[in-house]
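The sequence shown begins at 1 in the UniProt record's numbering and counts up by one.
Virtual Cβ for every residue (Gly too), placed ideally from N, Cα, C.
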Amino acid sequence: MTWPQDLVAELIRKARMQIRELAGCDFKCIHIPIKLQSGQITKVMLENLLQNSETLQFALDSYSGQISIHQPAHKIFNLEARFTLKLKNIQSWKPLKALTVFTDVSGRSHKSVMTWKDQQTQQWEADIAEVEGSPQVAELAAVVRTFERFSEPFNLVTDSAYVAGVVSRAEHSILQEVSNAALFQLLSKLIKLISLREHPFYIMHTRSYTELPGFIAEGNRRADALAAPVEMAPLPNVFQQAKISHELFHQNAPGLVRRFNITHEQAKAIVATCPSCHQHALPTINVGTNPRGLHSCELWQTDITHIPQFGKQKCVHVSVDTFSSAVYASAHAGEKSWDAITHLVQAFSFMGIPKSLKTDNGPAYISKEFCNFLQQWGVEHKTGIPHSPTGQAIVERTHRDLKRVLSQQQRVLKIEPPSIRLAKALFMMNFLNCSFEAPNPPIVRHFGKSKQLTLEEKPPVLIKDPESGRTEGPHDLVTWGQGYSCVSTPSGL
């Protein structure tokens, strides 16, 4: 693609060279037709053209004649053959306060992806198509679909430097010969769409697979995820399954041993070679030093921690059972008593109702509303020493472990909302993590030894033999219903 002013400059250079050879002089006047808008000044437009075109500066080097931007008064330059240079640009050179569209491709799956966040619904939408050819052709196809779909102003973000360069030079350009038919068709359509466009657009190049925060990086990661190929891989062996599971959840070595029945050395090797776990090592579960309950739901510790990556929901309320180490956490927008009450209602539905709850002396926990709430649920409330976190050591350590798990899983779940990230972290801590001393995960210890959830023993029963009329028993009752019963006798059921 070549800009018209570059072609005009090349024509002027050749004409000046030829007239010097034939006549030994230079032109007295050179006409450069420029399309003017109403109210524009001729001299200003000409100076702007010369300042922005380096090739035109070289073509007019040492020229002492007159330069005119009007058509010559000759019949050869009639209305049908009029040619003018358009200097008004639709492309903006700074970001717009408008819709932002992200494009990406995959060379393996041939997916051509464009995704954007709807400004009205605030939901992410996508347009995916399969385009044969090179990745550059596929991403250029996504750009063309973007210009076809959106006539309003928009920002276009791509991780292809080639496509960003093509789009930035497409306006007012003239397409030359292109051997690739598909590429020629896309370039022709792109130039036509931009030439007919009325609203501005902005093109931006960004690096792919970056861990930077912000809206641009988030949109680029979403486009990368949509373009990634989906494959059905054969089921690997047990060791490979353990590695894949650890890459997804980052559970500790005892949890891998319990889940996949691999050796201690293999589990430790998987954890040691994981870059995320090497940076954020999660220790095995130990008993700690704070007083603990003798059974599950006997004593809980509750506190609030802050996770800035969650944005408005950065206040994470955490409750931990001091006997089983079962954890529940929920993200909220504040630290008020209503947020603490909402968290505990959700925790009760997940882990049951504790007999006693220990918190610090924060305003949310000593408020009248919070105390009335615990009284209604029959929960005894204890508070620690003011401004001393040592009495809350179990939940403070849980804060540390939760943040480490979120950091380990950040690469996979960075674009997910806080509720999804917390749910996956809690699943790993409650269901997958354990220790070599206590091989059962916290959720098994919590519900397996819960007095609230123990099955009621069925009373022993007496049975009457219908043939002999004798009464036998007592025997254990297995099950019963309307008109029937099943008992366990020495001779069988």
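List the endpoints of the continuous beta strand (DSSP E) containing residue i.
i, result
"I334", "It should be noted that the sequence gives Gly, not Ile, for residue 334. It is not in any beta strand (DSSP E) - G334 carries neither H nor E in the DSSP assignment."
"residue 499", "No statement about residue 499 is possible, as the shown extent of the chain runs from 1 to 493 and does not include it."
"E472", "471-481"
"Q91", "Neither: Q91 is in no beta strand (DSSP E) and is coded neither H nor E."
"K464", "461-464"
"H205", "201-205"
"I67", "66-68"
"D360", "Counting along the chain, D360 falls outside any beta strand (DSSP E), and DSSP gives it neither H nor E."
"E380", "380-383"
"T100", "99-105"
Hey, residue i and residue j are a contact pair by Cβ (cut 8 Å); roughly how many whole angstroms apart?
i, j, result
"A126", "V113", "7 Å"
"I67", "I19", "The Cβ separation is near 16 Å, so there is no contact."
"M351", "C434", "No, M351 and C434 are not in contact; Cβ-Cβ is about 17 Å, not under 8 Å."
"T100", "A142", "So it is not a contact: roughly 14 Å between Cβ atoms."
"A329", "L422", "5 Å"
"I459", "L477", "Going by the sequence as given, residue 459 is Pro instead of Ile. Confirmed, about 7 Å."
"K189", "V144", "5 Å"
"E380", "S337", "18 Å between Cβ atoms; not a contact."
"S419", "A331", "6 Å"
"Y365", "T383", "7 Å"
"F147", "I194", "7 Å"
By the three-class DSSP mapping on this structure, what secondary structure does residue i have?
i, result
"D159", "coil"
"A129", "strand"
"L175", "coil"
"K247", "Checking the displayed sequence, the identity of residue 247 turns out to be Glu instead of Lys. Reduced to three states, the DSSP call for E247 is helix."
"E298", "coil"
"L196", "coil"
"A188", "Checking the sequence, you will find Ser at residue 188 rather than Ala. In this structure, S188 counts as helix in the three-state DSSP scheme."
"K312", "helix"
"S435", "coil"
"Q57", "helix"
"C486", "strand"
"F154", "strand"
"T342", "helix"
"F27", "coil"
"I443", "helix"
"D6", "helix"
"I19", "helix"
"I304", "strand"
Does the beta-carbon of residue i have 16 or more other beta-carbons within 10 angstroms, so that it is buried, or is it exposed?
i, result
"Q120", "exposed"
"V167", "buried"
"K358", "buried"
"C25", "exposed"
"F215", "exposed"
"T302", "buried"
"H123", "Going by the sequence as given, residue 123 is Gln instead of His. The residue is exposed, with fewer than 16 neighbouring Cβ atoms inside 10 Å."
"H250", "buried"
"I41", "Any answer about I41 is weak, because its pLDDT of 49 lies below 50 and its placement is not dependable; what the coordinates show is given next. That one is exposed."
"W116", "buried"
"R149", "exposed"
"V487", "buried"
"R108", "exposed"
"Q409", "buried"
"Q309", "exposed"
"V461", "exposed"
"V271", "buried"
"V238", "exposed"
"R207", "exposed"
"R400", "exposed"
"M429", "buried"
"N361", "exposed"
Mind checking which residues open and close the alpha helix (DSSP H) that includes residue i?
i, result
"V113", "Run containing V113: none in the alpha helix (DSSP H); it sits in the beta strand (DSSP E), 111-117."
"H399", "393-408"
"I216", "215-227"
"E369", "368-377"
"E148", "135-149"
"Q266", "264-272"
"R424", "First, the amino acid is wrong: residue 424 is Lys here, not Arg. 418-427 is the extent of the alpha helix (DSSP H) around K424."
"G352", "Looking at the DSSP string, G352 is not in any alpha helix (DSSP H), and its letter there is neither H nor E."
"R292", "R292 -> no alpha helix (DSSP H), and no H or E assigned at all."
"A253", "253-260"
* To do: Count the C-beta pairs between the stretch 255-267 and the stretch 236-245 that are closer than 8 Å, then say yes if the count reaches three, no if not.
  => yes
* Asked: Contact between the stretch 334-352 and the stretch 307-323: three or more CB pairs below 8 Å?
  -> yes
* Could you say if the stretch 91-100 and the stretch 201-208 meet the contact criterion of at least three C-beta pairs nearer than 8 Å? => yes
* Counting pairs of Cβ atoms below 8 Å between the stretch 46-61 and the stretch 4-15, do you hit three or more? -> yes
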